[in-house]
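Peer 1: The working numbering numbers the first residue of the sequence shown as 417 and each following residue consecutively.
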Amino acid sequence: MIVQISDPHFGTERPDVVEALRDAIVAMQPELVILSGDVTQRARRSQFEAARCFIDAYARPTLVIPGNHDVPLLNLFARAFSPFAEYRRVFGDDLEPEFASADVLAIGVNTVRPARHKNGEVSDAQIERVARRLRDADDAQLRIVVTHQPVHVIRDKDIENLLINREAAIAAWAASGADLVLGGHIHLPYVRPLNNETRRLASELWSVQAGTALSTRIREGISNSFHVLHHDPAQDRSVCVVEQWDYDEAAKRFVAGARTSVPLERYTSR
Numbered sequence: 417m418i419v420q421i422s423d424p425h426f427g428t429e430r431p432d433v434v435e436a437l438r439d440a441i442v443a444m445q446p447e448l449v450i451l452s453g454d455v456t457q458r459a460r461r462s463q464f465e466a467a468r469c470f471i472d473a474y475a476r477p478t479l480v481i482p483g484n485h486d487v488p489l490l491n492l493f494a495r496a497f498s499p500f501a502e503y504r505r506v507f508g509d510d511l512e513p514e515f516a517s518a519d520v521l522a523i524g525v526n527t528v529r530p531a532r533h534k535n536g537e538v539s540d541a542q543i544e545r546v547a548r549r550l551r552d553a554d555d556a557q558l559r560i561v562v563t564h565q566p567v568h569v570i571r572d573k574d575i576e577n578l579l580i581n582r583e584a585a586i587a588a589w590a591a592s593g594a595d596l597v598l599g600g601h602i603h604l605p606y607v608r609p610l611n612n613e614t615r616r617l618a619s620e621l622w623s624v625q626a627g628t629a630l631s632t633r634i635r636e637g638i639s640n641s642f643h644v645l646h647h648d649p650a651q652d653r654s655v656c657v658v659e660q661w662d663y664d665e666a667a668k669r670f671v672a673g674a675r676t677s678v679p680l681e682r683y684t685s686r
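#1: I believe P523 touches V561 by the beta-carbon criterion, under 8 Å. Please report the beta-carbon distance rounded to the nearest angstrom.
#2: In or out: A667 buried (at least 16 other Cβ within 10 Å) or exposed?
#3: For the beta strand (DSSP E) containing S517, list its first residue and its last residue.
#4: Excluding the 5 residues preceding and the 5 following L479 in the sequence, name in chain order all residues of the same chain whose CB lies nearer than 8 Å to its CB.
#5: Note down the Cα distance separating M612 from Q565, rounded to an integer number of angstroms.
#6: Run the CB neighbour count on P477, radius 10 Å, all protein chains shown included, and call it buried at 16 or more, exposed below.
#7: Note down the Cα distance separating V657 from L596, rounded to an integer number of angstroms.
#8: Around the Cβ of R686, are there at least 16 other Cβ atoms within 10 angstroms (buried) or fewer (exposed)?
#9: Can you grab the Cα-Cα spacing for the pair L630 / I471, in whole Å?
#10: Given that a residue counts as buried once 16 or more other Cβ atoms are within 10 Å of its Cβ, and exposed if not, what is G637?
#11: Does DSSP put R633 in a helix, a strand or coil?
#12: Under the three-state reduction of DSSP, which class applies to Q420: helix, strand or coil?
#13: Can you tell me whether DSSP reads I471 as helix, strand or coil?
#14: Roughly how many angstroms lie between the CA atoms of N491 and L558, to the nearest whole one?
#15: Just the C-alpha distance for A440 and F670, rounded to the nearest angstrom, thanks.
#16: For H533, does the count of other Cβ atoms within 10 angstroms reach 16, so buried, or fall short, so exposed?
#17: Using the three-state DSSP reduction, which class does Q445 fall into: helix, strand or coil?
#18: Just mark S641 as buried or exposed, buried being the case when its beta carbon has 16 or more other beta carbons within 10 Å.
#19: Please list the terminal residues of the continuous beta strand (DSSP E) segment that includes F507.
#20: Considering only DSSP beta bridges, list what I450 is partnered with.
#21: To the nearest angstrom, report how far apart E681 and S623 are at their CA atoms.
#22: What are the uninterrupted segments assigned as alpha helix (DSSP H) that are 4 or more residues long and contained completely in the stretch 550 to 636, given in chain order?
#23: Pick out whichever of A591, Q445, V455 has its Cα sitting closest to the Cα of S619.
#24: For Q457, report the span of its alpha helix (DSSP H) as first-last.
#25: Distance check for S517 and L550, CA to CA, integer angstroms please.
#26: Alpha carbons only, please: which of I421, V419, E429 is nearest the one belonging to R633?
#27: Looking only at C-alpha atoms, which of D540, G593, S639 sits nearest to D423?
Spelled out as C-alpha cells, the structure:
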C-alpha cells in the first residue's frame with residue numbers, strides 16, 4: 417500500500433485535518449508515503465518544521481519533492497541564490513529522491529524552476545535519467561514517477577499549469593515502462609489514462625492527480641483528500657487500484673471514496 421498526499425501548504429493547514437490525516441496514515445501503515453510538492457505556503461522555516469513534525473508523527477518512509485511554493489516568493493535574493501535552502505535543511509540535499517523495494521519503484525522529479533513563479537518544467541536530462549532508471553526496474557515493481565505540476569489536466573483553466581516539456585516525458589516514460597505519473601499543484605483529484613487516439617504511447621501510462629491534503633486552499637468545494645494505491649504483485653500484478661480518501665467535515669475523519677482500477681500494461685524497450 418502506498419499513500420499519496422500533496423499540497424499540504426503548511427502555514428495554511430487545518431489542525432483537525434492534520435490530526436485526521438496523521439491518524440489515517442498511522443492506521444494504514446503504508447509501505448511508502450509520497451508527498452508530491454507544495455509542502456509549505458511560503459517556504460518559511462516554521463512551515464517546513466511543521467511539515468517535518470507531521471511526517472515524524474506518522475513514522476513511515478516518505479518520499480518528498482518540492483513544489484513551487486517551497487521556494488521563497490518575496491525574498492528575491494534567497495529565490496535567486498539559495499531557493500531550496502530551507503527545504504534542504506529539513507529534507508536533505510536530494511531534491512529528486514527515489515524509493516525502491518521488491519514491490520515498488522518511485523522516482524521523484526524536481527520540476528520547480530525558481531526563476532518562474534509557478535510554472536514547472538522537466539528537462540531532457542531529467543527525462544532520460546528517469547527513463548534509464550525505469551528500464552532497470554523489476555517486473556513486479558509498481559513504477560511511479562512523481563512530479564509536482566500535472567502532465568494532464570481536465571479543465572481548460574488548468575492548461576496554463578501543465579508541466580513544460582511533458583509530451584516528451586510522457587512518451588519516454590511510457591516506452592520505458594512507467595505505470596503512473598503522480599502530481600499535484602492544482603488541488604483537484606482525478607485519475608486519467610495518458611494513452612489515447614492522438615498520443616498513441618508505446619505502453620499504457622496513467623496520470624494520478626491529488627487534491628490538497630491539509631490546506632484551507634480548497635477549490636470548487638472539493639474537500640481535503642489523499643490517495644491510497646493498492647498493488648499486490650503476489651495476488652495480481654496486472655492492476656493497481658487508486659482509492660480516493662476524502663475528509664468528512666461532520667465526522668472529522670477521512671473516509672474512503674472513489675476507486676479507479678488501473679490496468680498495468682507495459683511494453684518496454686530495454
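Backbone N, C-alpha and C define an ideal beta-carbon position, used for all residues, glycine too.
Peer 2: Judging by the given coordinates:
#1: Translated into the one-based positions of the sequence shown, residue 523 becomes position 107. Translated into the one-based positions of the sequence shown, residue 561 becomes position 145. Looking at the sequence provided, one finds Ile at residue 523 rather than Pro. Correct: roughly 5 Å between the Cβ atoms.
#2: Stepping through the sequence shown from its first residue, residue 667 is reached at position 251. It counts as exposed.
#3: Position 101 of the sequence shown, counted from the first residue, corresponds to residue 517. Where S517 is concerned, there is no enclosing beta strand (DSSP E), given that its DSSP letter is neither H nor E.
#4: Taking the sequence shown and counting its residues from 1, one reaches residue 479 at position 63. Correct list, in chain order: L448, V449, I450, L451, P513, E514, F515, A522, G524, V562.
#5: What you label residue 612 is simply residue 196 of the sequence shown in a count that begins at 1. What you label residue 565 is simply residue 149 of the sequence shown in a count that begins at 1. This sequence places Asn at residue 612; Met is not what is there. About 21 Å.
#6: In the sequence shown, the residue the question calls residue 477 occupies position 61. Counting Cβ neighbours within 10 Å, P477 comes out exposed, since fewer than 16 surround it.
#7: Taking the sequence shown and counting its residues from 1, one reaches residue 657 at position 241. Taking the sequence shown and counting its residues from 1, one reaches residue 596 at position 180. When rounded, the distance between both Cα atoms is 11 Å.
#8: As a working note, residue 686 is residue 270 in the sequence shown. Confidence at R686 is low in this model, with a pLDDT of 46, below 50, so the placement of that residue should be treated as unreliable; the coordinate-derived value is given next. Exposed, since its Cβ has fewer than 16 Cβ neighbours within 10 Å.
#9: Along the sequence shown, read from residue 1 onward, the residue named residue 630 stands at position 214. Along the sequence shown, read from residue 1 onward, the residue named residue 471 stands at position 55. Approximately 13 Å, taken between the alpha carbons.
#10: For the purposes of this step, residue 637 is taken as the residue at position 221 of the sequence shown. By the neighbour-count rule (16 or more Cβ atoms within 10 Å), G637 is not buried but exposed.
#11: Locating residue 633 in the sequence shown gives position 217, where the first residue counts as 1. The answer is coil: DSSP assigns R633 none of H, G, I, E or B.
#12: Reading the sequence shown from its first residue, position 4 is the one you call residue 420. Three-state result, Q420: strand.
#13: Residue mapping note: residue 471 aligns to position 55 of the sequence shown, counting from 1. In this structure, I471 counts as helix in the three-state DSSP scheme.
#14: Along the sequence shown, one-based indexing puts residue 491 at 75. Along the sequence shown, one-based indexing puts residue 558 at 142. Computed Cα separation, rounded: 40 Å.
#15: Along the sequence shown, one-based indexing puts residue 440 at 24. Along the sequence shown, one-based indexing puts residue 670 at 254. Each residue's alpha carbon lies about 7 Å from the other.
#16: Against the sequence shown, residue 533 aligns to sequence position 117. It counts as exposed.
#17: On the sequence shown, residue 445 is found 29 positions in, with the first residue counted as 1. Q445 falls in the coil class under three-state DSSP.
#18: Working through the sequence shown from its first residue, we reach residue 641 at position 225. Buried, by the Cβ-count rule.
#19: Taking the first residue of the sequence shown as 1, we reach residue 507 at position 91. Not the beta strand (DSSP E): F507 falls in the alpha helix (DSSP H), residues 501 to 507.
#20: As a first step, residue 450 is located in the sequence shown; it is residue number 34 there, counting from the start. Bridge partners of I450: Q420, L479.
#21: Along the sequence shown, one-based indexing puts residue 681 at 265. Along the sequence shown, one-based indexing puts residue 623 at 207. So the alpha carbons of these two residues sit roughly 14 Å apart.
#22: 582 to 591
#23: What you label residue 619 is simply residue 203 of the sequence shown in a count that begins at 1. The residue with the shortest Cα to Cα distance from S619 is A591.
#24: Here the question's residue 457 lines up with position 41 in the sequence shown. Q457 -> no alpha helix (DSSP H), and no H or E assigned at all.
#25: Position 134 of the sequence shown, counted from the start, is the residue given in the question as residue 550. Position 101 of the sequence shown, counted from the start, is the residue given in the question as residue 517. Cα to Cα, L550 sits roughly 13 Å from S517.
#26: Sequence index remark: in the sequence shown, residue 633 carries index 217 (1-based). Residue E429 is the option with its Cα nearest to R633.
#27: Locating residue 423 in the sequence shown gives position 7, counting from the first residue. When only C-alpha atoms are compared, the closest one is S639.
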